[in-house]
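Residue numbers (my numbering): 2 to 226.
In this text, a Cβ means the ideal position worked out from N, Cα and C, and glycines have one as well.
Below is one structure, written out as structure tokens, with a few remarks after it.
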């Protein structure tokens with residue numbers, strides 16, 4: 002069983018919420034599910050993104066979390082993983098991440114892996130996230146949004162994914178912070194058009210805008226499986 006990898010067009014596109022909601026969906030479908038974070042910067046000891054995943058999934062932190070399997074690398078300085086690691090005299094070893102993911106796959110039916118930043122983020126001075134994904138052959142879901150600049154970032158990501166032969170299953174369209182319905186609807190049409198143009202499935206699942214103080218609704222992600 003291969004894990005499902007969730008990447009995004011940029012930092013703060015909504016990967017963490019998308020990953021937690023996707024894991025919750027699989028869990029509610031009856032799968033024994035866990036999420037993983039490739040690397041986390043800007044915190045110490047415990048991955049804040051994993052904590053968000055567990056909250057969205059409605060479960061406490063797990064033994065695999067405290068054992069470090071769900072986030073093999075955590076660094077205090079909020080920067081690209083390669084820089085944050087170097088600042089504490091470390092170097093991210095992709096093989097360590099792969100082995101942690103494999104251990105999770107042995108224990109769970111479904112593993113949802115959240116990436117770091119955008120798809121071309123360096124993991125160390127030699128390997129980018131893009132290189133890692135090309136080597137692993139994971140099915141990939143891309144998180145995008147309707148904020149200005151998202152069209153450019155989304156199409157660039159789709160094109161490089163096609164050029165590297167990645168298995169993109171579709172887009173999770175994060176509309177939580179929408180400001181313009183006109184821009185949001187136009188972006189949606191553009192994303193679907195270019196998914197088709199680049200030879201990927203024309204699948205787009207929306208995380209809707211939610212009024213302040215209200216819970217996120219249940220979302221059907223089955224089209225992305």
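Using the rule of at least 16 other Cβ atoms within 10 Å of the residue's Cβ for burial, across every protein chain shown, is residue i buried or exposed?
{"i": "residue 86", "result": "buried"}
{"i": "residue 96", "result": "exposed"}
{"i": "residue 161", "result": "exposed"}
{"i": "residue 108", "result": "exposed"}
{"i": "residue 92", "result": "exposed"}
{"i": "residue 28", "result": "buried"}
{"i": "residue 89", "result": "exposed"}
{"i": "residue 143", "result": "buried"}
I think residue i touches residue j, with their Cβ atoms under 8 Å apart; what is that distance to the nearest whole Å?
{"i": "residue 1", "j": "residue 52", "result": "Here the chain covers residues 2 to 226 and nothing more, so residue 1 does not appear."}
{"i": "residue 101", "j": "residue 124", "result": "At roughly 14 Å, the Cβ-Cβ gap does not stay under 8 Å, so residue 101 and residue 124 are not in contact."}
{"i": "residue 139", "j": "residue 4", "result": "6 Å"}
{"i": "residue 121", "j": "residue 131", "result": "5 Å"}
{"i": "residue 6", "j": "residue 222", "result": "Wrong, their Cβ atoms sit about 14 Å apart, outside the cutoff."}
For residue i, I'd like the list of residues in its chain whose CB is within less than 8 Å of its CB, leaving aside the five on either flank, ordered along the chain.
{"i": "residue 208", "result": "15, 18, 19, 22, 173, 174, 175, 176, 177, 217 and 220"}
{"i": "residue 149", "result": "184"}
{"i": "residue 168", "result": "138, 139, 140 and 141"}
{"i": "residue 211", "result": "177, 217 and 218"}
How about residue i and residue j: are their beta carbons less than 9 Å apart?
{"i": "residue 147", "j": "residue 180", "result": "yes"}
{"i": "residue 79", "j": "residue 42", "result": "yes"}
{"i": "residue 39", "j": "residue 126", "result": "no"}
{"i": "residue 36", "j": "residue 75", "result": "no"}
{"i": "residue 158", "j": "residue 119", "result": "yes"}
{"i": "residue 165", "j": "residue 201", "result": "no"}
{"i": "residue 24", "j": "residue 113", "result": "yes"}
{"i": "residue 33", "j": "residue 136", "result": "no"}
{"i": "residue 205", "j": "residue 193", "result": "yes"}
{"i": "residue 44", "j": "residue 82", "result": "no"}
For residue i, which residues from the same chain have a beta carbon less than 6 Å from its beta carbon, with the 5 sequence-adjacent residues on both sides left out?
{"i": "residue 237", "result": "Beyond the ends of the chain as shown, which are 2 and 226, falls residue 237; an answer cannot be given."}
{"i": "residue 73", "result": "97, 98 and 101"}
{"i": "residue 12", "result": "118"}
{"i": "residue 65", "result": "71"}
{"i": "residue 2", "result": "106"}
{"i": "residue 55", "result": "62"}
{"i": "residue 226", "result": "none"}
Beta-carbon within less than 7 Å of residue i's beta-carbon, same chain only, minus the 5 sequence neighbours each way: which residues are those?
{"i": "residue 50", "result": "17, 38, 41 and 115"}
{"i": "residue 188", "result": "147, 151 and 152"}
{"i": "residue 191", "result": "152"}
Does residue i have its Cβ less than 9 Å from a Cβ in chain C?
{"i": "residue 222", "result": "In the displayed structure, chain C is absent; only one protein chain is listed."}
Would you call the stretch 148-158 and the stretch 55-69 in contact, with 3 or more CB pairs under 8 Å? Between the stretch 148-158 and the stretch 55-69, the count of C-beta pairs closer than 8 Å stays below three; the two stretches do not touch.
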